[in-house]
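Student:
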Amino acid sequence: MLNTKRIRKSFPAIRCGRMISNNAASTQIPVQLLDLMKKLAVSYDNVHRGQSRSSILTTEAFESSYDTIAQFIGAPSRRNIVLYRNTTEAINAVMYSLMTEFHDGDNVVTTYMEHNSNYVPWYGLTHEILPKFGINVECRLAKFDKETGKLDLDHLSSLVDKKTKLVCCTGASNFLGTKTPIKEIRRIADASGYKQPTGENKSYLLIDGAQTVPNTYINVKELDIDFLAWSFHKMISPFGVGALYAKEDLLKNMRPFLYGGDMIADGMVTPEKVSYNSLPWKFTAGTPNILGTILSAQGLRLLMDFSLDKKKYFMTGKALDSSDIKTAMENIEAHETALIGEAMKILSEIPSLKIYGPKDPKDRTSLVSFNYEGISPFKIAEELNEFNVESRAGCHCATLAHYYYGLTLPASCRLSFYVYNDIKDVRKACDAVKKCVQFKS
Ligand SMILES: Cc1ncc(COP(=O)(O)O)c(C=O)c1O
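Numbering (the numbering used here), first residue to last: 24 to 464.
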């Protein structure tokens, strides 16, 4: 289990009395990263664009951040990592980069439990962009079980065929909390028989890791994921950086999403021909979010230290040890299972409270969404705020899933916990929900 007592001391937001329970949207920043930001403020410069000591040191710190990020998810090297603003931009980048690869009659398979970031880009591609070029590509949606909240693998399998270029699935639903079985989804994508330009016969697999990478041990090689997208603002780093992992061959052959400076091979721009930079810089057009990148990589190191309860990686050049990563992330997962188990126990004591998603805490991440007949989820969230409990009401951008339940107001109220929450937070939040709904419908 995590040493939450120690972890909490690092978060100014907690020290000033806030009860943070809307972590599925964004987590808080620890003081160590704020101090690092101050330290960098006096020494930083642009990267790949200067000969000063500051520019060289910043370039080194920036580039080595890619190594940390690659190591964290078990990627072979920094060449597999492309950084964007967030998960949404990373998924859009895959869509735009692969846009010219689709053939008439192809399809993309995604699911009803996706965040809009992993549905709307595929909707846009298949309903708006490709038809303008006379190319018809279908976007298919796999169902989930409304009772258990689990993805219907038989249905998914029935949708995937030899015309499925890509299967796009979340690693965990940000509304239901459901963790999806990535290995089984991989097997389904592998069996499609789609002829990729590389000569492989299978569908690519894109995993939206926004709710998975922050709390689960993910090794892209073991899971054989083709594309993985996630955001650092959901795992103790500041806003503004999201990552895309992709297999090197894919990135080599893919068109850049953004064109411009620094993504071209040195001097290789003429009116006739432009050649691109080596990976990963081929995908880094324009001045990147340099400070955000350094802070995000250090945020990963600090998260490891928090979870391992020792000072080992933060602000060092040590490569992340794979067994430490596994232990650290399994500790976080176990902590979250304990928290969500307690939340489910208390919330399920409330008569008529509809809780969405899997019943078994082991099958879900540490978020819980619910509705209470006769009281708007917005009203519940506002009242929770009166009890100093931070929640989120709305569709959480999982609009398809809310309509799937037949909710005419596509909304629910959600509580979500992270590494700095303890069991007292969970009890406080869930007891407050009791107070908000009892005797009021
Ligand atoms: C499952 C999932 N996917 C994608 C996103 C989008 O992340 P971002 O807003 O960082 O692009 C979120 C954010 O809540 C999410 O929960």
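Think of the CB as a built atom: it goes at the ideal place given N, C-alpha and C, for glycine as much as any other residue.
Please read all numbers here as calculations on a predicted model, not as lab measurements.
Which same chain residues end up closer than 7 angstroms to residue 387 when comparing Cβ atoms and leaving out the 5 residues on each side of it in sequence?
Tutor: Excluding residues up to 5 positions away in sequence, 200, 201, 202, 363, 380 and 381 lie with their Cβ nearer than 7 angstroms to the Cβ of residue 387 in the same chain.
Student: Just reading off the alpha helix (DSSP H) that residue 93 is part of, what are its end residues?
Tutor: 76-95 is the extent of the alpha helix (DSSP H) around residue 93.
Student: Comparing C-alpha positions only, which one of 85, 408 and 417 sits nearest to residue 459?
Tutor: When the alpha-carbon of residue 459 is set against those of 85, 408 and 417, the nearest one is in 408.
Student: List the DSSP bridge partners of residue 416.
Tutor: BP columns for residue 416 point to 436.
Student: Could you say if the segment 158-175 and the segment 439-449 meet the contact criterion of at least three C-beta pairs nearer than 8 angstroms?
Tutor: no
Student: Would you list the residues whose beta-carbon is nearer than 7 angstroms to any heavy atom of ligand 1, in the order they occur in the chain?
Tutor: The filter returns 47, 48, 109, 110, 111, 112, 138, 140, 141, 193, 195, 196, 197, 231, 233, 234, 254, 256, 257, 265, 419 and 420, in chain order.
Student: With distances taken between CB atoms, is the gap from residue 52 to residue 261 smaller than 7 angstroms?
Tutor: yes
Student: Helix, strand or coil, according to DSSP, for residue 330 in the structure here?
Tutor: The answer is helix: DSSP assigns residue 330 an H, G or I state.
Student: Could you tell me which residues DSSP puts in a beta bridge with residue 392?
Tutor: When DSSP reads this structure, residue 392 sits in a beta bridge with 437.
Student: Could you give the residue range of the alpha helix (DSSP H) that holds residue 427?
Tutor: Its alpha helix (DSSP H) spans residues 422-427.
Student: Please name the residue, chosen from 299, 198, 222 and 247, that lies closest to residue 233 on a Cα-to-Cα basis.
Tutor: 198
Student: Have a look at 64, 155 and 111 and flag the residue whose alpha-carbon is nearest the alpha-carbon of residue 122.
Tutor: 155
Student: What distance in whole Å lies between the Cβ atoms of residue 242 and residue 96, which are believed to be in contact at a cut-off of 8 angstroms?
Tutor: 7 angstroms
Student: Quick check: residue 252 and residue 267, are their CB atoms within less than 7 angstroms of each other?
Tutor: yes
Student: Using 8 angstroms as the cut-off, can you tell me whether the segment 128-146 makes contact with the segment 421-428, which would need three or more C-beta pairs spanning the two stretches below that distance?
Tutor: yes
Student: Return the residue from the list 395, 225 and 42 that minimises the CA-CA distance to residue 449.
Tutor: 42
Student: Is it the case that the Cβ atoms of residue 446 and residue 365 are separated by a distance below 7 angstroms?
Tutor: yes
Student: Relative to the alpha-carbon of residue 84, which residue among 296, 249, 316 and 145 has its alpha-carbon at the smallest distance?
Tutor: 316
Student: For residue 156, name the three-state secondary structure that DSSP assigns.
Tutor: coil
Student: To which residues does DSSP link residue 191 through a beta bridge?
Tutor: For residue 191, which the question treats as bridged, DSSP gives the partners 229.
Student: Do the segment 220-231 and the segment 183-190 meet, that is, are 3 or more Cβ pairs less than 8 angstroms apart?
Tutor: yes
Student: I'd like to know if the segment 324-335 and the segment 271-286 are in contact, where contact means that at least 3 CB-CB pairs between them fall below 8 angstroms.
Tutor: no
Student: Taking the alpha-carbon positions, what's the residue 60 to residue 338 distance?
Tutor: 12 angstroms
Student: Look at the alpha carbon of residue 81 and the alpha carbon of residue 313, and state the distance between them as a whole number of angstroms.
Tutor: 8 angstroms
Student: Pull up the distance between the alpha-carbon of residue 378 and that of residue 185, whole angstroms please.
Tutor: 38 angstroms
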